[in-house]
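Numbering-wise (our numbering), the sequence shown opens with residue -12 and increments by one. For glycine and all other residues, C-beta sits at the position ideal for the given N, C-alpha and C.
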Amino acid sequence: MIKTVETENEGLKRAFMLTIPAKDIDARVEQEVKRIAPQVRMAGFRPGKVPPNLIRKMHGEAIHSDALNSAVQAGVQQLLQEQKLRPAMQPQVALEDTYKPGSDAQVTVRLEALPDVPAPNIEGLKIERLTVEADESAIDEQLQRLAGANRNFTDAKKGHAAANGDAVVIDFAGSVDGVAFDGGTGTDMQVEIGAGQLIRDSRTNWSGRRSATSATST
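Structure, rendered in structure tokens:
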């Protein structure tokens, strides 16, 4: 049986010393030898008939390492269940440096446990749902915006003079007091006349080329 001793209990920090008996580790070694025996091949023996002592001689170190790891993992899981701990992160597990095969294994387990949070009492709790009545004028304004954003344009007839509501494709260059500013130039930009899409400032000068083809909305 694994022996457990608590070595630290401060706030959420917990630490334990586990003592895993050598006989438990040896039992796992025996199980591992039996498990791999059918797969072991050795000259002079039929498949699956290699004696256990030769299997230990060939693979003893690896088998013991697997058995020890398995025993430690089982010990940590047993600890968490018995102490009813919920680790906030993976526990830190360390085997004592003095351990030697054939002796009890001393294992240190450190962790931070999640606190127990009681379930809140929600009996009698009421939730107020706030509602706002939409103003008809606000609805109409939003509908007009949506309609304006989804308008389609068709090519204007030759000789058509662009007017408010029409879209033109332009190249432009902007300057303030004769000095060009960042973002003030562009090519092949579609602009709706009268929509206020370009900066209006008495200091800003716009120059450029408008395409010969304007468009009318439909």
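In the structure shown, what three-state DSSP assignment does residue i receive?
| i | result |
| --- | --- |
| THR28 | Inspection of the sequence shows that residue 28 is occupied by Arg rather than by Thr. In the structure shown, ARG28 sits in coil (DSSP, three-state: anything other than H, G, I, E or B). |
| ALA9 | helix |
| LYS21 | helix |
| GLY181 | coil |
| ALA149 | coil |
| ILE157 | strand |
| ASP142 | strand |
| ASP127 | helix |
| ALA2 | strand |
| GLY165 | coil |
| ASN(-4) | strand |
With burial defined as no fewer than 16 other Cβ atoms inside 10 Å of the residue's Cβ, what is the status of residue i: buried or exposed?
| i | result |
| --- | --- |
| ILE15 | The displayed chain sequence assigns Arg, not Ile, to residue 15. Classification of ARG15: buried, given that the 10 Å Cβ count is 16 or more. |
| ALA134 | exposed |
| VAL96 | buried |
| PRO107 | exposed |
| VAL166 | exposed |
| VAL119 | exposed |
| ILE109 | exposed |
| VAL163 | exposed |
| LEU130 | exposed |
Would you check if the distance between the CB atom of residue i and the CB atom of residue j is smaller than 7 Å?
| i | j | result |
| --- | --- | --- |
| ALA150 | GLU179 | no |
| ALA160 | THR172 | yes |
| ALA239 | GLU19 | Only positions -12 to 205 of the chain appear in the structure, and residue 239 is not among them; the question remains open. |
| ILE23 | ILE7 | no |
| ALA9 | GLY89 | yes |
| ARG1 | LEU98 | yes |
Roughly how many angstroms lie between the CA atoms of residue i and residue j, to the nearest whole one?
| i | j | result |
| --- | --- | --- |
| ASP91 | LYS113 | 59 Å |
| ASN210 | ALA100 | The displayed coordinates of the chain run from -12 to 205. Any statement about residue 210 would go beyond what the structure contains. |
| GLY62 | LEU5 | 7 Å |
| VAL(-8) | GLY(-2) | 18 Å |
| ARG73 | VAL80 | 15 Å |
| ASP11 | PHE3 | 19 Å |
| VAL156 | ARG116 | 49 Å |
| ILE126 | ALA136 | 15 Å |
| ALA121 | THR141 | 35 Å |
| ALA58 | GLN68 | 15 Å |
| ASP13 | ILE50 | 10 Å |
| GLN77 | ASN56 | 16 Å |
| GLY170 | GLY181 | 21 Å |
| GLN64 | HIS46 | 27 Å |
| ALA75 | GLU48 | 34 Å |
| ASP103 | THR85 | 37 Å |
| ALA143 | GLY152 | 12 Å |
>> Which complete beta strand (DSSP E) runs does the stretch 35 to 119 hold, if anything under 3 residues is left out?
In response: 79 to 82 and 92 to 99
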